[in-house]
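Undergrad:
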Amino acid sequence: METGRLSGKVAVVTGASRGIGEAIARAMVTEGAKVVLASRKIEALTPIAEELSEHGEAAAIACHIGKPEDVMAFRDAVLERFGQVDVLVNNAATNPYFGPMMNLEWRAWDKTFDVNLKGTFAMTHWVAKHLIDRGAPGSIINISSVLGLMAAPLQGAYGMTKAAVLSMTKTLSAELGPSIRVNAIAPGLIDTKFASALTSNDEIREMILSQTAAKRVGQPEDITGAVIYLASDESRYMTGQTMIIDGGWL
Ligand SMILES: NC(=O)c1ccc[n+]([C@@H]2O[C@H](COP(=O)([O-])OP(=O)(O)OC[C@H]3O[C@@H](n4cnc5c(N)ncnc54)[C@H](OP(=O)(O)O)[C@@H]3O)[C@@H](O)[C@H]2O)c1
Numbered sequence: 003m004e005t006g007r008l009s010g011k012v013a014v015v016t017g018a019s020r021g022i023g024e025a026i027a028r029a030m031v032t033e034g035a036k037v038v039l040a041s042r043k044i045e046a047l048t049p050i051a052e053e054l055s056e057h058g059e060a061a062a063i064a065c066h067i068g069k070p071e072d073v074m075a076f077r078d079a080v081l082e083r084f085g086q087v088d089v090l091v092n093n094a095a096t097n098p099y100f101g102p103m104m105n106l107e108w109r110a111w112d113k114t115f116d117v118n119l120k121g122t123f124a125m126t127h128w129v130a131k132h133l134i135d136r137g138a139p140g141s142i143i144n145i146s147s148v149l150g151l152m153a154a155p156l157q158g159a160y161g162m163t164k165a166a167v168l169s170m171t172k173t174l175s176a177e178l179g180p181s182i183r184v185n186a187i188a189p190g191l192i193d194t195k196f197a198s199a200l201t202s203n204d205e206i207r208e209m210i211l212s213q214t215a216a217k218r219v220g221q222p223e224d225i226t227g228a229v230i231y232l233a234s235d236e237s238r239y240m241t242g243q244t245m246i247i248d249g250g251w252l
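Residue numbers for the sequence shown follow this note's numbering, beginning at 3 and rising by one.
1) Determine whether the beta carbon atoms of L8 and S181 lie at a separation below 7 Å.
2) Tell me whether R183 sits in a helix, a strand or coil according to DSSP, three-state version.
3) Per DSSP, L90 is paired with what?
4) Would you identify the three-state DSSP class for K113, choosing helix, strand or coil?
5) Any idea what DSSP makes of S41, helix, strand or coil?
6) Restricting to Cα atoms, I'd like to know which of G68, A216, P102, A13 is closest to G161.
7) At a cut-off of 6 Å, is A51 close to ligand 1 when judged by its beta-carbon and the heavy atoms of the ligand?
8) In terms of residues, what are the limits of the alpha helix (DSSP H) holding M170?
9) Within a Cβ cutoff of 8 Å, which residues of the same chain sit near K217, ignoring the five residues on either side of it in sequence?
10) For ligand 1, is there a heavy atom less than 6 Å away from the beta-carbon of G17?
11) Round the Cβ separation of T241 and S146 to the nearest angstrom and send it over; I've been treating them as touching at under 8 Å.
12) Check this for me: beta carbons of I50 and A64, under 7 Å apart or not?
13) S55 and A18: beta carbons closer than 7 Å?
14) In this structure, how does DSSP classify I192 when only helix, strand and coil are distinguished?
15) First and last residue of the beta strand (DSSP E) that includes I246?
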């Protein structure tokens with residue numbers, strides 16, 4: 003059901019080719035936003051953007067957020083196509099290593115920090131600069147994780163980057179206010195390819211569910227309502243905050 007809560011806004015969603023990012027892009031088009039879907043693989047993005055274009059306006063543009071030159075080319079392509087950006091959803095992330103921190107190799111460390119932290123900031127930096135240059139209000143939404151709020155055994159580097167994203171959210175909300183708002187969402191266990199190492203492991207999944215009031219793994223659509231709220235003017239007095247959506251795990 004479309005209610006037009008994002009009518010007139012242009013939104014960029016990174017990591018939109020599947021999982022939570024795809025669900026966010028779908029919900030944003032339904033709410034009337036023009037949406038740029040970004041990820042590394044254009045062949046995965048294009049069919050989704052084409053389908054969404056039947057209901058509104060959507061474009062697929064490839065971008066590896068961990069590569070600064072890619073981010074700059076992406077910025078140019080987005081502004082050439084749409085002329086403006088009002089909402090950024092920093093959703094893309096990576097987690098290349100699953101294991102104890104004592105065995106973590108620098109290669110995995112670098113990739114995790116380059117994409118999850120540097121990439122998130124690189125995207126935020128150009129969008130915020132664009133908004134400041136335009137004198138326009140904007141909303142930046144960072145998809146962090148509950149693993150940024152608690153110990154993250156076997157996912158230590160990932161957890162550190164997600165904790166740092168929450169720090170970035172708070173600092174930028176203070177520095178970019180009043181017109182640019184920056185908030186975060188910390189999902190719990192959500193049923194996506196990203197989390198398959200956890201959801202397909204009976205022992206880990208049941209251990210998490212035993213601590214989760216909702217007693218189920220979340221679905222990507224469980225996250226989209228909060229994103230629409232944070233992207234829309236309904237959340238105009240909210241910035242620097244983290245919404246935890248974890249079925250009661252924490
Ligand atoms: N699933 C969970 O349980 C869970 C829990 C808490 C937080 N989160 C967070 O939610 C967000 C989305 O995760 P998800 O579960 O939906 O994962 P997913 O289904 O695996 O999707 C990840 C998306 O990110 C893109 N991506 C990966 N590396 C990229 C890069 N370097 N540059 C640009 N795009 C890149 C992927 O597309 P390409 O391969 O085409 O690049 C894909 O579209 C992440 O920030 C994750 O940390 C997930």
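Where is the CB? At the ideal position from N, CA and C, for every residue including glycine.
TA: Looking at the coordinates:
1) Not a contact, by the Cβ cut-off of 7 Å.
2) In the displayed model, R183 falls within a strand according to three-state DSSP.
3) According to DSSP, which records beta bridges pairwise, L90 is partnered with V14, I142.
4) Looking at K113 - three-state DSSP - the assignment turns out to be helix.
5) Here S41 sits in strand by DSSP.
6) G161 has its Cα closest to that of P102, out of G68, A216, P102, A13.
7) False, no ligand heavy atom lies under 6 Å from that Cβ.
8) 158-178 is the span of the alpha helix (DSSP H), which, as asked, contains M170.
9) Closer than 8 Å at Cβ, skipping near neighbours: L211, G249.
10) Yes, the Cβ of G17 comes within 6 Å of a heavy atom of ligand 1.
11) That belief does not hold up - the Cβ atoms of T241 and S146 are roughly 15 Å apart, past 8 Å.
12) I50 is not a Cβ neighbour of A64, given a cutoff of 7 Å.
13) No, these two residues do not count as a Cβ contact at 7 Å.
14) Three-state result, I192: strand.
15) Its beta strand (DSSP E) spans residues 244-247.
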